[in-house]
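Residue numbers (the working numbering), protein chains in the order written: chain E, 1 to 203; chain D, 204 to 406; chain F, 407 to 659; chain G, 660 to 885; chain S, 886 to 1111. Everything on this sheet refers to the single structure shown next.
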Amino acid sequence: MKPYLVASQVSFHRHSEAVFQPVDLNLLPAALCVVTGANGSGKTTLIRTLAGILPVSEGSLERNAAMAFIGHRPGIKDDLTCIENLSFMQRFYPSHPTREALGAHQALKQAGLGCHVRRLAGHLSAGQRRRLALARLLVSPADVWLLDEPYTSLDTAACQWVDGLLDHHLASHGAAIVTAHQRQPALTHTIDRLEVIAGARAT
Amino acid sequence: MKPYLVASQVSFHRHSEAVFQPVDLNLLPAALCVVTGANGSGKTTLIRTLAGILPVSEGSLERNAAMAFIGHRPGIKDDLTCIENLSFMQRFYPSHPTREALGAHQALKQAGLGCHVRRLAGHLSAGQRRRLALARLLVSPADVWLLDEPYTSLDTAACQWVDGLLDHHLASHGAAIVTAHQRQPALTHTIDRLEVIAGARAT
Amino acid sequence: MWTQTKLAFHKLGSPLTFFRFAQALIPWLWGLTLVGLAVGLYQALYLVPPDYQQGDSYRILYIHVPAAWQAMATYIVMTILAVITLVWRIRTAEIMAMTAAPIGAAFTLICLVTGAIWGRPMWGTYWAWDARLTSMLVLLFIYLGIMGLYAAFDDRRQGARVASILILVGVVNIPIIHFSVEWWTTLHQGSTINLFGPSTMDPSMLPPLIWMTVAVKLMFGALLLQRARNELLEQDQRKKWTLQALRMSGHDS
Amino acid sequence: MTRSTAQPLIALLLRDLKRARRHGGQSLLPLVFLFSVVAMIPLGIGPGPNLLQAIAPGMIWVAALLSGLLALDGLFKSDFDDGTLEQWWVGEQPVVRLVMVKLCSHWLITALPVIALTPIAAQMLYLPNEALGLLLLTLLLGTPILSLVGGLASALTLGTRQGGALLGLLIFPLIVPVLIFSTGAVSAYLDGLPVRPYLLLLVALLVLAMSLVPLATAAALRLNIE
Amino acid sequence: MTRSTAQPLIALLLRDLKRARRHGGQSLLPLVFLFSVVAMIPLGIGPGPNLLQAIAPGMIWVAALLSGLLALDGLFKSDFDDGTLEQWWVGEQPVVRLVMVKLCSHWLITALPVIALTPIAAQMLYLPNEALGLLLLTLLLGTPILSLVGGLASALTLGTRQGGALLGLLIFPLIVPVLIFSTGAVSAYLDGLPVRPYLLLLVALLVLAMSLVPLATAAALRLNIE
Ligand code: HEM
Ligand SMILES: Nc1ncnc2c1ncn2[C@@H]1O[C@H](COP(=O)(O)OP(=O)(O)OP(=O)(O)O)[C@@H](O)[C@H]1O
Ligand SMILES: Nc1ncnc2c1ncn2[C@@H]1O[C@H](COP(=O)(O)OP(=O)(O)OP(=O)(O)O)[C@@H](O)[C@H]1O
Ligand SMILES: [Mg+2]
Ligand SMILES: [Mg+2]
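Have a look at this one:
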């Protein structure tokens, strides 16, 4: 099996110093990699580098799959309703042709926002916002999910929903890289771990 | 001992319907009340009502103490540095005269941001932002802390720091109301619990 | 005494009482309005002699002036309702204040249009930045602003309260409209009509004006109650009292 | 007001000024506008001093207006979005005072630069010196009204999504008179007519706005954060 | 471009237009400005048709400029703040295309309304019909340049870096020539002078801007995202 993502000694430099220490990673289909590390160690920076948002400063990165990245700020417009936001995401983010995609309404229902369809996203609670952001994974599926703290603000039910999504994704040969602080993914699949260590300067 | 906060059958209405079911609460000095409930059940709304930001629609609320409220959006300006943000908070938020207050630099050091003092807040990592927001409790202390999901994005060390803060606050006759989903406060003091249930309409 | 008034207030404020009250009053108001308009228009168009200077064109006064007065009176009514809204939070007052705005805007527009039409023969221009004309135009924009603001909120009650603040601020414009002709003597003429004392106007020209003014007031009352009633029914479609009210007035369903 | 109650107000003012200086653009843009207009108009209509004189007050006023409007968007919005605004009701500080500080900083950031550069622009447009004094007076009286009215409008529309459109609808009726009376005063002066009525009017509007608007703005903010 | 690659672009365009319609004000404000100027100028300087004619192109151009500038702030900023912008580099869509869509929507939102109402304003200012055609032509050629240059400026000023504001300022002088050539063309026409040189210049500027600016903007965005 060809890996979706191969990183060797990847690092990103800011102000000419490495933000995190060089990382090696080989992401195969059906693999889940959980990235851990202290606050400010560079998890978000790493995941953004892997996503292609930040340039690789050293090392080499090879990306062979369609990716979906959901960060701390997931691009939800407060002045659009839930369904408007999700339909936009559905059309804007490329949907992998061989994976099954849900309609926007169905995805909202799955995310537990069935009765908030026409509510402005700016009026959602913190957890509801995150659910909306994650619902994007259902409407425009990708091979590799890069999720930066997906469990933030979610209640128990929603955390289990995310676990289920991940399980299903891995079962259908998807792969994922997830950062997490407190709640860790609880899956039936095995999980790899990657510890990020801050670069030289940051302490 | 006079309670800091007495709420009886308090509720808040939006679109003429109660967001959460009426709440009774009697917050004594040295008490910690943890508010739980599903996403969208109204925890944030309740805590904002108790803080005086939202008007009480029904029931009565009596507040006898200086309060500090730290919500999902803690009022950090991205275009100011950490120290500028914190010094502003120090001067803007009233500091209770009988409680000991730290200087801004010291507070930043305690929050683990000692080497980011002059970094723009917009360049902080998610956990660092939350630490900065919480550092406000050190520079302008209040009797009652209202903390909406303080553990969000924090790593283990920072979570323990928050636990320590809470413990110390309670020991000096402060009180706190805290919402939490995944990580719960782990204190030496006893903890009250309050379950928020969504109002009639919301499901 | 105070608590009693407050109680009476809240009683009238309850949707069902208001509905009954409106239902009973509306037909009477419309009936009287029609009578007043008929008499007033007949007198204005046939009985009153032409002006020695302006000929027949001055007859537009009988629409212009009542409309102008009503545009301002509507605003004052709204101001009172806005105070009630903000202080006592009575829902029917909120709804009445908000439904009055389009009516006031309509009267303002009528005043502006008739004034402009009249201005052409009198002043040789449709429009000038005279103090009264400007302040009247401002009134129209304030009405539109109130309507727009109310409509911009998803929560009707929140919208009504925010718009009430605008109503209270905008009320300073009313004395400006009224006294502008005294403060700055420019194009528009000053007060010629004094209902409680000697007017500088020919006495024979006065009665139709009184008829028209009263009729317009009644029309406003009818329109306001009707619109408020409809709005209340629409907002409360699913409430218990709505069914009760509709059954009472013979709309079984 | 004791030192301890004034401190938060001063902190707020200084913070807003610091952020404005850091962004710069907001107060620079209107100045650029002013000078490009000043430079262009003679090209468009020929450099007749009389004509330029007649246009000068209008142009300078439009620049002031523009400056005020450009900054209005962020007046309460940024504090609202990041949660600073809701803190206003947690503390004991009367909100009206905080509103006044905000309006004050808005005026300092937007109106002051335009006023400061008006003498130069006036020179370039051949405005006589006495008329310049009058123009400055109208600016000093009128621009605070702009800030007050603008602040109220942006507070009223804070929680709505139609923000901008409504803002225009609410602001223009209240501001157009200020513009008309201010530029009217200068034209009247140039035509040798009395200017007192205009100035009295501006003073009256300013006093009215100062006494009413902060209260209304505070109430509007409160209702909008619900 | 196949259907599947065009879809995200269309989605982006439609979303921006929907949000603009919802906010409204940004395109309404300049129109209100245009018409209040059109209504006020005759008051200020007397209703002589010749004079009004001379001012008309300048006023309409200032309204267009204003409209463009007012909306510039939110062009990339809102997408940057909420994380939509960084997604541009995750997908396979070339960023230059997305930039062009953004600029396109900026032009549609800000310039189109002004252009659409220009005939009415021109009528009110006694501009002869043939000159109106020319004015519209300069607007059609010139306003895209405004959008392009403005977009570059806002991309450069995106980050919180302090140099940004300065760079933005350096860009604005680029806009002044557009204004001068456009209004110059109409004045030349009214004076019976040849207009071709002006138009050719505008075309040259447009072509230059179209070919260079989107690339530069994309590069600037990339740098600011880091
Ligand atoms: C668009 C133009 C006009 C507007 C906006 C306008 C507005 C008003 C308003 C608001 C009032 C009521 C004032 C008050 O009672 O406080 C009024 C009254 C009146 N208007 Fe006009 N008007 C206009 C044109 C004219 C013209 C052209 C004439 C005729 C020369 C005229 C004659 C009158 C008269 C006779 C009154 C009654 C004055 C009194 O006794 O109070 N108006 N107008
Ligand atoms: N401004 C608003 N307008 C309309 N509805 C709102 C608004 N703010 C919140 N809500 C709704 O009120 C309900 C309660 O929201 P609240 O933020 O209090 O939930 P919460 O318990 O804090 O949830 P979470 O655990 O996700 O933070 C939610 O259903 C939310 O969608
Ligand atoms: N734009 C920026 N400019 C300068 N420094 C930055 C910028 N963004 C992040 N940093 C710094 O880089 C380091 C790594 O940040 P990053 O967001 O990757 O941390 P993280 O591991 O995701 O932390 P957290 O657990 O708090 O989310 C931090 O010290 C942060 O302050
Ligand atoms: Mg992070
Ligand atoms: Mg919450």
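Every residue, glycine too, gets a C-beta built ideally from N, C-alpha and C. Given the structure is predicted, the values throughout are model-derived calculations rather than measurements.
For this session: Give the straight-line distance between the Cα atoms of D/Ala241 and E/Gly122, rounded to the nearest whole angstrom.
Result: As a position in the second sequence, residue 241 of chain D is number 38, starting the count at 1. As a position in the first sequence, residue 122 of chain E is number 122, starting the count at 1. Taking the straight line joining both Cα atoms gives about 19 Å.
Exercise. Excluding the five sequence neighbours on either side, which residues of its own chain have a C-beta within less than 6 Å of the C-beta of E/Asn26, listed in chain order?
Worked result: Walking along the first sequence from the start, residue 26 of chain E turns up at place 26. Pro3, Val6.
Problem set entry | Cβ pair count under 8 Å reaching 3, the segment 565 to 582 of chain F against the segment 472 to 491 of chain F | yes
For this session: Could you have a look at E/Thr190 and say whether DSSP puts it in helix, strand or coil?
Result: Stepping through the first sequence from its first residue, residue 190 of chain E is reached at position 190. E/Thr190: coil per DSSP, three-state reduction.
For this session: Report the partner residues of D/Ile400 according to the DSSP bridge assignment.
Result: On the second sequence, residue 400 of chain D is found 197 positions in, with the first residue counted as 1. For D/Ile400, which the question treats as bridged, DSSP gives no partner whatsoever.
Exercise. Measuring CA to CA, which of G/Tyr785, G/Ala665, G/Trp720, G/Phe735 is closest to G/Leu849?
Worked result: As a working note, residue 849 of chain G is residue 190 in the fourth sequence. The shortest C-alpha separation from G/Leu849 is found at G/Tyr785.
Exercise. Does DSSP put D/Gly262 in a helix, in a strand, or in coil?
Worked result: Indexing the second sequence from 1 puts residue 262 of chain D at position 59. Reduced to three states, the DSSP call for D/Gly262 is strand.
Exercise. Rounded to whole angstroms, how far is the Cβ of G/Leu729 from the Cβ of G/Asp738, which I believe are closer than 8 Å?
Worked result: As a working mapping, residue 729 of chain G is identified with position 70 in the fourth sequence. As a working mapping, residue 738 of chain G is identified with position 79 in the fourth sequence. At roughly 17 Å, the Cβ-Cβ gap does not stay under 8 Å, so G/Leu729 and G/Asp738 are not in contact.
Exercise. Going along the chain, which residues of its own chain have a beta-carbon closer than 7 Å to the beta-carbon of G/Thr819, five neighbours each way excluded?
Worked result: Sequence index remark: in the fourth sequence, residue 819 of chain G carries index 160 (1-based). Excluding residues within five positions, the ones whose Cβ falls inside 7 Å are Leu825.
Exercise. Three-state secondary structure (DSSP) at D/Glu352?
Worked result: Indexing the second sequence from 1 puts residue 352 of chain D at position 149. D/Glu352: coil per DSSP, three-state reduction.
Exercise. Is F/Ala507 near ligand 5, judged by its Cβ being under 7 Å from some heavy atom?
Worked result: To locate residue 507 of chain F, count along the third sequence from 1; it is residue 101. No, ligand 5 has no heavy atom inside 7 Å of this Cβ.
For this session: Could you check the C-alpha separation between E/Ala68 and S/Ser990 for me, to the nearest Å?
Result: As a first step, residue 68 of chain E must be located in the first sequence, where it is residue number 68. As a first step, residue 990 of chain S must be located in the fifth sequence, where it is residue number 105. Whole-angstrom Cα-Cα distance: 26 Å.
For this session: Could you say if the segment 528 to 537 of chain F and the segment 184 to 195 of chain E meet the contact criterion of at least three C-beta pairs nearer than 8 Å?
Result: no
For this session: Over the uninterrupted alpha helix (DSSP H) stretch that includes F/Phe424, give me the two end residues.
Result: Here residue 424 of chain F refers to the residue found at position 18 when the third sequence is read from its first residue. Segment 421 to 448, the alpha helix (DSSP H) holding F/Phe424.
For this session: Quickly, what does DSSP pair D/Ser214 with across the bridge? List them, please.
Result: As a position in the second sequence, residue 214 of chain D is number 11, starting the count at 1. Paired residue(s): D/Glu261.
Problem set entry | Contact with chain F by D/His372, beta-carbon distance below 8 Å | Residue mapping note: residue 372 of chain D aligns to position 169 of the second sequence, counting from 1. So, not an interface residue.
Problem set entry | Delimiting residues of the alpha helix (DSSP H) encompassing F/Phe585 | Along the third sequence, one-based indexing puts residue 585 of chain F at 179. Its alpha helix (DSSP H) spans residues 579 to 589.
Problem set entry | Distance between beta carbons of E/Thr44 and E/Asp148, contact taken as under 8 Å | Within the first sequence, residue 148 of chain E is the residue found at index 148, counting from 1. Within the first sequence, residue 44 of chain E is the residue found at index 44, counting from 1. That pair is a contact at about 6 Å.
Problem set entry | Interface partners of D/Leu257 on chain G, CB under 7 Å | Counting from one through the second sequence, the residue named residue 257 of chain D turns up at place 54. The contacting residues are Glu885.
Exercise. Using a C-beta cutoff of 8 Å, does D/Val222 count as contacting chain F?
Worked result: To locate residue 222 of chain D, count along the second sequence from 1; it is residue 19. Not closer than 8 Å to any Cβ of chain F, the Cβ of D/Val222 fails to qualify, so no.
Exercise. Does the segment 155 to 164 of chain E come within contact of the segment 73 to 81 of chain E, defined as at least 3 CB pairs closer than 8 Å?
Worked result: no
Problem set entry | CA nearest to the CA of F/Gln449, picked from F/Gln632, F/Trp617, F/Ser586, F/Ala628 | As a first step, residue 449 of chain F must be located in the third sequence, where it is residue number 43. Minimum Cα distance to F/Gln449 is reached at F/Trp617.
Exercise. So what does G/Leu865 bridge to, in DSSP terms?
Worked result: As a working mapping, residue 865 of chain G is identified with position 206 in the fourth sequence. Paired residues: none, contrary to the question.
Exercise. Should D/Ala383 be listed as close to ligand 2, given that the test is whether its C-beta is under 7 Å from any heavy atom?
Worked result: On the second sequence, residue 383 of chain D is found 180 positions in, with the first residue counted as 1. Outside the cutoff, so no.
Exercise. If we cut at 8 Å on Cβ distances, does E/Gly71 have a partner in chain S?
Worked result: The residue labelled residue 71 of chain E in the question sits at position 71 within the first sequence. Interface residue, yes.
Problem set entry | Beta carbon proximity, G/Ala824 to chain S, threshold 8 Å | Position 165 of the fourth sequence, counted from the first residue, corresponds to residue 824 of chain G. Yes - at least one Cβ of chain S is within 8 Å of the one on G/Ala824.
For this session: Starting from F/Gly461, follow its DSSP beta bridges and name the residues at the other end.
Result: For this step, residue 461 of chain F is matched to residue 55 along the third sequence. In DSSP, F/Gly461 forms a bridge with F/Asp457.
Exercise. Does the beta carbon of G/Met660 sit closer than 8 Å to a beta carbon anywhere in chain F?
Worked result: Taking the fourth sequence and counting its residues from 1, the one referred to as residue 660 of chain G is at position 1. Unreliable positioning characterises G/Met660 in this predicted model, as indicated by a pLDDT of 47, which lies under 50. A coordinate reading is not provided.
Exercise. What are the boundary residues of the beta strand (DSSP E) that includes F/Thr498?
Worked result: As a working note, residue 498 of chain F is residue 92 in the third sequence. Premise fails: F/Thr498 lies in the alpha helix (DSSP H), 497 to 529, not in any beta strand (DSSP E).
Problem set entry | Endpoints, the beta strand (DSSP E) within which D/Leu228 is located | As a first step, residue 228 of chain D must be located in the second sequence, where it is residue number 25. From DSSP, the beta strand (DSSP E) with D/Leu228 extends over 226 to 230.
Problem set entry | According to DSSP, residues forming a beta bridge with D/Leu323 | Within the second sequence, numbered from 1, the residue matching residue 323 of chain D stands at position 120. DSSP, once it has assigned bridges, lists D/Thr284 as partnering D/Leu323.
Exercise. What first and last residue would you give for the beta strand (DSSP E) that runs through E/Ile177?
Worked result: The residue you call residue 177 of chain E lines up with position 177 of the first sequence. Element bounds for E/Ile177: 175 to 179.
Exercise. Does at least one heavy atom of ligand 1 sit under 7 Å from the Cβ of F/Leu660?
Worked result: Any question about residue 660 of chain F goes unanswered here, given that chain F covers just 407 to 659.
Exercise. Among the residues of its own chain, which have a CB less than 7 Å from the CB of E/Ser87, if the five just before and after it don't count?
Worked result: If you number the first sequence from 1, residue 87 of chain E lands on position 87. Excluding residues within five positions, the ones whose Cβ falls inside 7 Å are Ala104.
Exercise. So what does DSSP say about G/Val755, is it helix, strand or coil?
Worked result: Here residue 755 of chain G refers to the residue found at position 96 when the fourth sequence is read from its first residue. G/Val755: helix per DSSP, three-state reduction.
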